[in-house]
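In what follows, a structure is listed as structure tokens, so that the remarks can point back to it.
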Amino acid sequence: MKHRKLVILGTGGTIAGKAAHASDNIGYTAAEVGIEQLIAAIPALHGSGSIISEQVSQIDSKDMSFEVWAQLANRVRHFLADDDVQGIVITHGTDTLEETAYFLQMTCQPAKPVVLTCAMRPATALAPDGPQNVMDAVVVASHPEACGVVVVCAGTVHSAMDVQKVHPYKLDAFGSGDAGPVGYVEEGKLRLLRNWPVPQADIALLAIEKIAIWPRVEIVMNYAGASSLMVRALVDQGVRGLVVAGTGNGTIHEDLQAGLLSSQAAGVRIVRSTRCVDGKVLSLSGCAIADSQGLSPVKARIALILDLAAEDARSSAVGQA
Ligand code: ASP
């Protein structure tokens, strides 16, 4: 029989957090409890067939790095290639969960489910939310039709493309903007609301292990009184790309825009997105700055980094030929 195994990878976060008192839901240290211990604390999981667990990292996700991402993507690719593996669950902090989800979607393009889950309360809380989230994530990762990277939190399934953390402390801390969630997990059953997010099949998978230096891309924001000061400082530091979190439909203060346009003319890649939570930037005729194709500023940054890394890989392949 195929697809008998479920993989659970631990990366840290509040779900693995410890506080001094059970009543403390916010004064805790993230990333303290190991993945095996987390799984052991969920007896209901033990009847869910064969589970393989692995600790990939143990960090507060606010400190996420490209090194951890590369390591995680490599482990995900490794387990996805095992015909016996049905799906993967990843426990992760909530702060940069949407970025990791998007990174994994783009670098692994999984045809099987890769389900990130998390918690807003530490493992030591009187009523921790992590165990139920893991149970729900296992339901999604075991679903025969599930595919692609999704996030499960508070019984809601979000696609990697749309998910965003929208609340600093509520248990239901994520939203999918106006795209809406993919579905809900209700008492161990998945109720699908729309199609599974289609994995990107048209872009070549990057050889992540060969990337020694990740291209530096930063985010600047538009706001009242914004200027090109930050842009000049960042370009002086050698950034290769800038994403602007514009106002409204990606609009940019004239002073900031002048700085961005001259950087673009000097070879820095510039992408225009919006700081609005819902909707997406629409292309403006005559606008010299490319738009983010519906991606939020943090995801547009990852897309640009991956694009530049792919460009580097192509030119080094040409150089070696
Ligand atoms: N700072 C924590 C983290 O992202 C927050 C959480 O997991 O809820 O790891």
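With my numbering, the residue at position 220 of the sequence shown is 238, and numbering never jumps. Just so it is clear, CB atoms sit at the ideal spot from N, CA and C, and this is done for glycine as well.
Each of Ser194, Ser301, Asp147 was checked against the Cα of Ala172, and the nearest Cα belongs to Asp147.
For Thr32, the shortest separation between its Cβ and any heavy atom of the ligand ASP lies below 7 Å. Burial check for Gly337: the Cβ neighbour count within 10 Å stays below 16, so the residue is exposed. Annotation for Arg209: no alpha helix (DSSP H) segment contains it, though the beta strand (DSSP E) segment containing it runs 207–210.
For the alpha helix (DSSP H) assignment, the uninterrupted runs of no fewer than 4 residues enclosed by the region 224–273 are, from N- to C-terminal side, 247–254. Looking at Glu329, Leu90, Val132, the one whose alpha-carbon comes closest to that of His176 is Val132.
If you check the C-beta of Ala48 against the ligand ASP, you find a heavy atom less than 7 Å away. Under DSSP, Pro131 forms a beta bridge with Gly166. In the DSSP assignment, Tyr202 is bridged to Thr174, Arg209. Under the criterion of beta carbons closer than 8 Å, Gly166 and Gln123 qualify as touching, at roughly 6 Å. A distance below 8 Å separates the beta carbons of Pro140 and Thr32. Counting along the chain, Thr109 sits inside no alpha helix (DSSP H); it lies in the beta strand (DSSP E) bounded by residues 103–109. The residue among Gly268, Ala230, Asp325 with its C-alpha nearest the C-alpha of Val286 is Asp325. Judged by their CB atoms, Leu63 and Val169 are not nearer to each other than the 8 Å cut-off. Rounded to whole angstroms, the separation of the alpha carbons of Phe84 and Leu223 is 16 Å.
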